[in-house]
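Under my numbering, the first residue of the sequence shown is numbered -8, with each subsequent residue one higher.
For each residue, glycine too, the CB sits at the ideal point set by N, CA and C.
Remember, it's a predicted structure, so these values are computed and weren't measured experimentally.
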Amino acid sequence: MSDAAADTTSTPSQEEVVVIGAGPAGLTAAFQFHKHGIASTIIEADDMVGGISRTAQRDGWRFDIGGHRFFTKVQPVEDLWHEILPDEDFLMRPRKSRIFYNGKYFDYPLKATNALKNLGLIEAFLCVCSYAWAQVRPPKDQTNYEGWLVARFGWRLYRTFFKTYTEKLWGLPVNKMPADWAAQRVKGLSLGNAIVNALMPKRNQKDITSLIEEFQYPKYGPGMMWEVCTQKVVDQGSTITMETKVTKVAHADGKATEVTATHKDGTTTTYPATHVISSMPISQLLEAM
-8 MSDAAADTTS TPSQEEVVVI GAGPAGLTAA FQFHKHGIAS TIIEADDMVG
42 GISRTAQRDG WRFDIGGHRF FTKVQPVEDL WHEILPDEDF LMRPRKSRIF
92 YNGKYFDYPL KATNALKNLG LIEAFLCVCS YAWAQVRPPK DQTNYEGWLV
142 ARFGWRLYRT FFKTYTEKLW GLPVNKMPAD WAAQRVKGLS LGNAIVNALM
192 PKRNQKDITS LIEEFQYPKY GPGMMWEVCT QKVVDQGSTI TMETKVTKVA
242 HADGKATEVT ATHKDGTTTT YPATHVISSM PISQLLEAM
């Protein structure tokens, strides 16, 4: 959230930017501001940078908080990653995603030999027939996620791999979920092009996100990206305060004017601001405002 339009008469030294959150969004904002000679005050509630993309450390081991693969089709994003981390700090790693079903592991993206072996010839034949029938008689309503999936995989595969998992993950009936949002989970993928890719694979194709077989990975985990980014912005003059929770964002005439935060020891600090960049949960931001 940007809370104040830039004053065209201002110089970089007159700007007082407060960034709420030292995750990827907040740190990227601070990093980009330095390209215009503007330092930021970064406030982070946790004791680590990186947000949900952090890499925790314990007893010499590193743990990613969730899986974070570095892949993008957007060149400016790719350029930014390599601007923060040098090329030698990225590893190219093969993707290994699998579905555990009926006591067996199915490769994802689908591979013909693996799927046939695990499903068995009869079940595989029935799934292909179900898909063929869905091409002949597709669901009339494909605006919901159920109709969208059935049209691309058939009823049999839909009930086997998608319905229960999706409802468990999102807590909603699949036929109540909008296709244009949920389809991002399997963008561009269908049983037809999955079979084609399984029989005639293209090396790490990037047209269909779900079929990507390689991704970039910082050699010490995704948190490495944001640890290095933190050091870069601090070296350029930004300050970062950890274990500090924003409790109030004062504003007047449509502009943020100051941010009040409470430190771990219970003391509070008020930071004047000409601009505020917020990556905190929107509900907490509204409470603070």
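Counting only the same chain and skipping the five closest in sequence on each side, list residues whose C-beta sits under 7 angstroms from that of residue i.
{"i": "residue 132", "result": "138"}
{"i": "residue 130", "result": "138, 141, 142"}
{"i": "residue 106", "result": "97, 115"}
{"i": "residue 99", "result": "88, 89, 90"}
Do you know offhand how far residue i's Cα is from residue j's?
{"i": "residue 238", "j": "residue 253", "result": "7 angstroms"}
{"i": "residue 111", "j": "residue 88", "result": "21 angstroms"}
{"i": "residue 261", "j": "residue 247", "result": "13 angstroms"}
{"i": "residue 251", "j": "residue 18", "result": "20 angstroms"}
{"i": "residue 277", "j": "residue 30", "result": "25 angstroms"}
{"i": "residue 96", "j": "residue 121", "result": "22 angstroms"}
{"i": "residue 11", "j": "residue 161", "result": "28 angstroms"}
{"i": "residue 270", "j": "residue 149", "result": "36 angstroms"}
{"i": "residue 25", "j": "residue 14", "result": "17 angstroms"}
{"i": "residue 240", "j": "residue 266", "result": "11 angstroms"}
{"i": "residue 223", "j": "residue 62", "result": "23 angstroms"}
{"i": "residue 50", "j": "residue 205", "result": "29 angstroms"}
{"i": "residue 257", "j": "residue 38", "result": "15 angstroms"}
Should residue i go down as buried or exposed, given a rule of 16 or more other Cβ atoms within 10 Å for buried?
{"i": "residue 154", "result": "buried"}
{"i": "residue 59", "result": "buried"}
{"i": "residue 43", "result": "exposed"}
{"i": "residue 268", "result": "buried"}
{"i": "residue 209", "result": "buried"}
{"i": "residue 282", "result": "Lying outside -8 to 280, the shown extent of the chain, residue 282 is not represented and no answer is given."}
If you drop the 5 nearest sequence neighbours on each side, which residues of the same chain put their C-beta closer than 8 angstroms to that of residue i?
{"i": "residue 53", "result": "46, 47, 211, 212, 214"}
What does residue i pair with, by DSSP beta-bridge criteria?
{"i": "residue 254", "result": "235"}
{"i": "residue 246", "result": "243"}
{"i": "residue 104", "result": "Bridge partners of residue 104: none, in fact."}
Short of 6 angstroms in beta carbon distance, which residues of its chain neighbour residue i, apart from the five on each side in sequence? Order them along the chain.
{"i": "residue 263", "result": "7, 249"}
{"i": "residue 172", "result": "none"}
{"i": "residue 273", "result": "none"}
Cβ contact (3+ pairs, closer than 8 angstroms) linking the region 226 to 238 and the region 27 to 41: yes
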